[in-house]
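> First the structure, then my questions, so here it is.
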Amino acid sequence: MNEWTDKFITHAQQQLVGIVDDWKYDYGANNKDSYTMLLWMLAR
């Protein structure tokens, strides 16, 4: 398992932003819709 270093956290944040941007592009979702989907996934 990766340690929670600054580099690891920064990379994870960049990936998360990329995922949200993809949702916006693919589904025409706005920020609220994208973050709602992300929170739903985390809650599962």
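For this note's numbering, add 140 to where a residue sits in the sequence shown, where the first one is 1. For every residue, glycine included, the Cβ atom is placed at its ideal position computed from N, Cα and C.
#1: DSSP three-state call for residue 169: helix, strand or coil?
#2: Less than 8 angstroms between the CB atoms is what I'm expecting for residue 163 and residue 181, so what's the real figure, rounded?
#3: Going by C-alpha distance, which of 165, 166, 168, 156 is nearest residue 179?
#4: Under the three-state reduction of DSSP, which class applies to residue 144: helix, strand or coil?
#5: Give the single residue among 183, 144, 173 whose Cα lies nearest to the Cα of residue 159.
Let's see:
#1: Under the three-state reduction of DSSP output, residue 169 falls in the coil class, being neither helix nor strand.
#2: The C-beta distance from residue 163 to residue 181 rounds to 11 angstroms, too long to meet the 8 angstroms contact threshold.
#3: When only C-alpha atoms are compared, the closest one is 156.
#4: Here residue 144 sits in coil by DSSP.
#5: The closest CA to that of residue 159, considering only 183, 144, 173, is found on 173.
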